[in-house]
Structure formats: C-alpha cells, structure tokens
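For the sequence shown, position 32 (counting from the first letter as 1) is numbered 749 according to the working numbering, and the numbering increases by one without interruption.
Every residue gets a Cβ at the ideal spot worked out from N, C-alpha and C, and that includes glycine.
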Amino acid sequence: MAAGLLFILIWASAFTSARFIVLEWSPLGALALRFVIAAPLVALVVWAMGRIVVPSRADALRLVLMGVFGSGGYLACAWLAMATTPSGLVALISAVAPLFIALGERIFYGR
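Structure representation (structure tokens):
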C-alpha cells in the first residue's frame, strides 16, 4: 500500500515539477538529463532484483523504437508544451489521450 501511495505522489507531482524545470531549462535538455539519471537507476534496480533479461536483436530494436517513439515522443511533446502551457492542462490532455486514441480506432477501424 505504501509503495502505491508513493507512486501516486510521484506521478501526481511530475507535471508540476516539470513545469518549474522547463521555466529554467530547455525542455528537451531537461528531459534528456532526466533519462540520463533514471536509466542507470532503473538498471540497478533490475539487476538487484535479479530480473535481467537480454532480448534478442529483433526484440531489442522493437524495444528501442517503442521507447523512442512511445515514451520519448510523448514526454518530448508534453515537456515542450509545458514551456508555454499550464501544467494542469498538459496533464489533462495527457490523461484523456487514450480515450481519443480509442475513439479514433473505433471511427477509422470499426473496432
């Protein structure tokens, strides 16, 4: 329960803290620094948990592409938007994006 509450607190403060950061730093530079700091920490946690899995070459390429265009693209757009838009609005748009994706899938693909 405590880990869940900590996750909620960190997630909820992310947009507000990002807004303050992009007022002083380049949005993409700050985001790059965030990944440079986080990647070794995540790798250390994965190693400590003994869950290291080496993907195949084809899977590694897919994972890199998903990271760059999925999380990386989403976060780059969000951080660039926060340089000129209130963080609450960016958070709201980010939160409802999956609904628009589902609606688009329904309209264009009939699913």
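For residue i, I'd like the list of residues in its chain whose CB is within less than 7 Å of its CB, leaving aside the five on either flank, ordered along the chain.
{"i": "A798", "result": "V807"}
{"i": "G746", "result": "none"}
{"i": "S773", "result": "none"}
{"i": "L792", "result": "L748"}
Taking the alpha carbon of residue i as the point to measure from, which residue in the options has its own alpha carbon closest?
{"i": "T802", "options": "L780, G784, V753, F737", "result": "F737"}
{"i": "G787", "options": "A765, A800, S811", "result": "S811"}
{"i": "T733", "options": "A720, A777, W796, R828", "result": "W796"}
Could you tell me the alpha carbon to alpha carbon distance between residue i and residue j, rounded to whole angstroms?
{"i": "S804", "j": "L816", "result": "20 Å"}
{"i": "F724", "j": "Y826", "result": "35 Å"}
{"i": "G789", "j": "E822", "result": "22 Å"}
{"i": "A800", "j": "A760", "result": "30 Å"}
{"i": "G784", "j": "L778", "result": "10 Å"}
{"i": "I824", "j": "I818", "result": "10 Å"}
{"i": "A735", "j": "F752", "result": "13 Å"}
{"i": "A730", "j": "D776", "result": "Inspection of the sequence shows that residue 730 is occupied by Ser rather than by Ala. Computed Cα separation, rounded: 33 Å."}
{"i": "L809", "j": "I727", "result": "17 Å"}
{"i": "A755", "j": "M766", "result": "17 Å"}
{"i": "L750", "j": "P757", "result": "12 Å"}
Using the Cβ count rule (16 or more neighbours within 10 Å means buried), how would you classify residue i?
{"i": "P744", "result": "buried"}
{"i": "V813", "result": "exposed"}
{"i": "A720", "result": "exposed"}
{"i": "V770", "result": "exposed"}
{"i": "V762", "result": "exposed"}
{"i": "V781", "result": "exposed"}
Once you ignore the five residues that flank residue i on each side, which residues in its own chain have a CB closer than 8 Å to its CB?
{"i": "C794", "result": "none"}
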